[in-house]
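With my numbering, letter number 89 in the sequence shown gets 182, and the count goes up by one each step, no holes.
Glycine included, every Cβ here is placed at the ideal spot set by N, Cα and C.
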Amino acid sequence: MTKPRAWAALERQIGQSNGVAGRYLLSFASMLPIISVSNLSKTYASGFQALKRIDLSIRQGEIFALLGPNGAGKTTLISIICGIVNASEGTVTVDGRDIRTDYRAARSLIGLVPQELTTDAFETVWATVSFSRGLFGKPKNPAHIEQVLRDLSLWEKRNSRIIQLSGGMKRRVLIAKALSHEPRILFLDEPTAGVDVELRRDMWKLVRSLSANGVTIILTTHYIEEAEEMADRIGVINGGQIMLVEDKVELMRKLGKKQLTLQLETPLACVPASLADYGLELANDNGELIYTYDAEREKSSSIVALLNDLSEAGIRFKDLHTTQSSLEDIFVSLVHKQQQEESVR
Numbered sequence: 094m095t096k097p098r099a100w101a102a103l104e105r106q107i108g109q110s111n112g113v114a115g116r117y118l119l120s121f122a123s124m125l126p127i128i129s130v131s132n133l134s135k136t137y138a139s140g141f142q143a144l145k146r147i148d149l150s151i152r153q154g155e156i157f158a159l160l161g162p163n164g165a166g167k168t169t170l171i172s173i174i175c176g177i178v179n180a181s182e183g184t185v186t187v188d189g190r191d192i193r194t195d196y197r198a199a200r201s202l203i204g205l206v207p208q209e210l211t212t213d214a215f216e217t218v219w220a221t222v223s224f225s226r227g228l229f230g231k232p233k234n235p236a237h238i239e240q241v242l243r244d245l246s247l248w249e250k251r252n253s254r255i256i257q258l259s260g261g262m263k264r265r266v267l268i269a270k271a272l273s274h275e276p277r278i279l280f281l282d283e284p285t286a287g288v289d290v291e292l293r294r295d296m297w298k299l300v301r302s303l304s305a306n307g308v309t310i311i312l313t314t315h316y317i318e319e320a321e322e323m324a325d326r327i328g329v330i331n332g333g334q335i336m337l338v339e340d341k342v343e344l345m346r347k348l349g350k351k352q353l354t355l356q357l358e359t360p361l362a363c364v365p366a367s368l369a370d371y372g373l374e375l376a377n378d379n380g381e382l383i384y385t386y387d388a389e390r391e392k393s394s395s396i397v398a399l400l401n402d403l404s405e406a407g408i409r410f411k412d413l414h415t416t417q418s419s420l421e422d423i424f425v426s427l428v429h430k431q432q433q434e435e436s437v438r
């Protein structure tokens with residue numbers, strides 16, 4: 094694969110360095126943006142504003158998950174970055190190359206797996222994937238095409254026509270086409286929507302392998318648990334605006350809530366007034382007491398205080414456990430909060 098200019102330049106410097114300096118340069122290289130989006134807006138002829146002044150940087154080699162409800166602007170943003178749709182305002186650069194003024198060079202670094210199944214129905218798998226490589230001016234490389242097809246469990250179907258394949262197999266072909274020219278960046282737009290479990294497993298195995306080899310992965314998905322498992326960073330988009338971009342671990346730490354669930358020895362009719370400040374809730378036929386708290390701000394001493402106050406109130410429990418908010422909980426909360434804020438404007 095052809096390496097990005099900035100990345101290649103840094104690798105040369107790293108090769109000339111040693112010790113602490115070399116490790117520092119390598120760490121710095123991984124933080125460089127491979128994609129930079131600045132002040133990006135898109136307004137259609139109808140007047141609908143799909144994107145509103147978006148700023149976004151994607152780091153070299155990361156797995157970046159873009160989350161948002163239907164109509165949030167995910168596909169529009171991806172389409173502009175890939176040069177398929179023109180922006181109304183703003184700029185997009187891919188490894189320093191402007192997607193509009195240096196389209197061919199920028200686009201050659203990108204592989205795109207769209208939502209729609211768009212392939213020539215009467216071509217064979219081998220022919221359509223090989224043709225996609227040729228579209229980017231790449232010389233023939235049967236060994237690479239074979240490896241891609243094997244990685245996607247398509248090798249046995251290489252001589253089959255697209256029309257003969259199942260929906261899941263057609264989705265694999267789209268991924269193979271996107272990887273045919275050895276891109277440094279791979280966009281996966283809702284890649285596992287409506288596909289079988291086997292394909293989903295194969296796809297994430299491939300994503301991990303590509304990421305380990307320095308390929309930058311940007312995915313949009315409705316399967317938030319996949320983003321939670323796979324992504325290094327999370328971006329949330331809604332109403333054409335980026336609500337936040339955060340390292341996944343940091344996002345979970347900052348915005349995640351924890352719940353302490355106490356299984357009571359005797360069900361309560363109500364929460365005693367003396368415990369009102371804790372915001373406790375009764376659940377499971379009043380046999381459980383739930384305390385929800387902010388893991389970032391709450392100190393362990395407050396849990397101890399709660400347990401002491403429960404004891405003083407004569408409330409006994411036989412077991413307890415804690416749970417933490419999932420990424421889906423955080424996502425739903427953020428979108429709901431924004432919708433509430435917009436409704437009162």
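Inside the region 330-386, DSSP marks whole beta strand (DSSP E) runs of 3 or more residues at positions 334-340, 350-357 and 374-376, from first to last along the chain. When DSSP states are grouped into helix, strand and coil, Asp295 belongs to the helix group. By the CB criterion at 9 Å, Leu403 and Ile383 fall outside the cutoff.
In the DSSP assignment, Val218 falls within the unbroken alpha helix (DSSP H) covering Val218 to Leu228.
Counting only runs that start and end inside the region 252-321, the beta strand (DSSP E) elements of at least 3 residues fall at 278-282 and 309-313.
Straight across, the Cα-Cα distance linking His414 with Phe157 is about 32 Å.
Of the candidates Asp148, Trp297, Ser150 and Gly164, the residue whose Cα lies closest to the Cα of Phe141 is Gly164. Under the 10 Å beta carbon count, Glu319 is surrounded by 16 or more other beta carbons and is classified as buried. Shown here for Arg264: same chain residues with a beta carbon closer than 6 Å to its own, the five before and five after excluded, namely Val288 in chain order.
CA-to-CA, the gap between Cys363 and Ala369 works out to about 11 Å. Under the DSSP assignment, Gln153 falls outside any alpha helix (DSSP H); it carries neither an H nor an E label.
Sequence-distant partners of Ser225 (beyond 5 residues in either direction) whose C-beta falls short of 6 Å from its own C-beta, in its chain, are Lys270 and Ser273.
Closest in C-alpha terms to Ile408, from the list Ser426, Gly380 and Thr416, comes Gly380.
The region 126-135 makes contact with the region 144-160: 3 or more CB pairs, one atom from each, lie closer than 8 Å. At the C-beta level, Val206 and Leu279 come within 9 Å of one another. Here DSSP, grouped into helix, strand and coil, assigns Leu245 to coil. The C-beta distance from Ala199 to Ser134 rounds to 20 Å, too long to meet the 8 Å contact threshold. Exposed is the label assigned to Arg243, since fewer than 16 other Cβ atoms lie within 10 Å of its Cβ. Pairing Gly328 with Ile177, the inter-Cα distance amounts to about 21 Å.
Pro162 and Gly307 have their C-alpha atoms spaced approximately 29 Å apart. Between Thr313 and Glu283, the C-beta gap is smaller than 9 Å, which places the two residues in contact. Sequence-distant partners of Leu292 (beyond 5 residues in either direction) whose C-beta falls short of 6 Å from its own C-beta, in its chain, are Gly261. Here DSSP, grouped into helix, strand and coil, assigns Ile396 to helix.
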